[in-house]
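> Read in order, the letters of the sequence shown are residues 0 to 116 in numbering that gives the first Met the number 0.
Where is the CB? At the ideal position from N, CA and C, for every residue including glycine.
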Amino acid sequence: MIADVYSRQKIKTLAMAGLFILIIFYAGLKLKNIFLGPQITITSPVSGSTYRTPLVTIHGRADRIAKLYLNDRKIFTDDQGVISESLLLAPGYNILEFKAEDSFGRKINKYVELVLQ
């Protein structure tokens with residue numbers, strides 16, 4: 000009888016400890032967004048590239064963002080944060096400015112420099 004009560008209490012304690020660990024893990028995943036801030040990664044085109052045709056397709060990814068702009072024009076990502084935008088380059092030197100802001104107001108800028116010959 001005493002062993003039965005002891006094992007029930009041990010099971011309750013283990014269940015509570017497991018639940019506590021799950022809650023801490025979930026909170027850690029949510030707090031990650033607070034600490035890391037917004038991030039922009041442009042995979043194509045590579046900064047410093049030279050093009051002969053004016054139409055360029057931009058590919059990249061934006062994580063933990065609420066707003067995203069390309070040369071002060073609002074652009075959007077898909078559900079996974081993938082960026083895919085087409086842009087016409089002006090003859091000569093072009094600077095693409097990406098601005099992102101997260102839901103906490105933190106901002107990040109990323110620049111890509113391209114040349115159209």
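1) So, for Gly80: in the same chain, excluding its five sequence neighbours on each side, which residues have a beta-carbon less than 8 Å away from its beta-carbon?
2) Please classify Asp71 as buried or exposed, where buried requires at least 16 neighbouring CB atoms within 10 angstroms.
3) Please look up how many angstroms separate the CB atoms of Pro37 and Ile107, rounded, as I've assumed it's under 8 Å.
4) Taking the C-alpha atoms as reference points, what is the distance between Glu84 and Ile74?
5) Does the Cβ of Ala89 have 16 or more other Cβ atoms within 10 Å, making it buried, or fewer, making it exposed?
6) With burial defined as no fewer than 16 other Cβ atoms inside 10 Å of the residue's Cβ, what is the status of Asp101: buried or exposed?
7) Please classify Asn32: does DSSP put it in a helix, a strand, or coil?
8) What do you get for Leu67, buried or exposed, if any count of 16 or more other CB atoms within 10 angstroms of its CB means buried?
9) Within the continuous beta strand (DSSP E) that includes Asn108, where are the two ends?
Once the coordinates are examined:
1) If you number the sequence shown from 1, residue 80 lands on position 81. Arg60, Ala61, Asp62, Ile64.
2) Walking along the sequence shown from the start, residue 71 turns up at place 72. The residue is exposed, with fewer than 16 neighbouring Cβ atoms inside 10 Å.
3) To locate residue 37, count along the sequence shown from 1; it is residue 38. To locate residue 107, count along the sequence shown from 1; it is residue 108. Their Cβ separation, rounded to whole angstroms, is 5 Å, which keeps Pro37 and Ile107 in contact under 8 Å.
4) Position 85 of the sequence shown, counted from the first residue, corresponds to residue 84. Position 75 of the sequence shown, counted from the first residue, corresponds to residue 74. Going by the C-alpha atoms only, they are around 8 Å apart.
5) The residue you call residue 89 lines up with position 90 of the sequence shown. Exposed.
6) As a working mapping, residue 101 is identified with position 102 in the sequence shown. Burial call: buried.
7) Counting from one through the sequence shown, the residue named residue 32 turns up at place 33. Of the three classes helix, strand and coil, the one that applies to Asn32 here is helix, per DSSP.
8) By 1-based counting over the sequence shown, the position of residue 67 is 68. Per the 10 Å Cβ criterion, buried.
9) Here residue 108 corresponds to residue number 109 of the sequence shown, with the count starting at 1. Per DSSP, Asn108 belongs to the beta strand (DSSP E) from 106-115.
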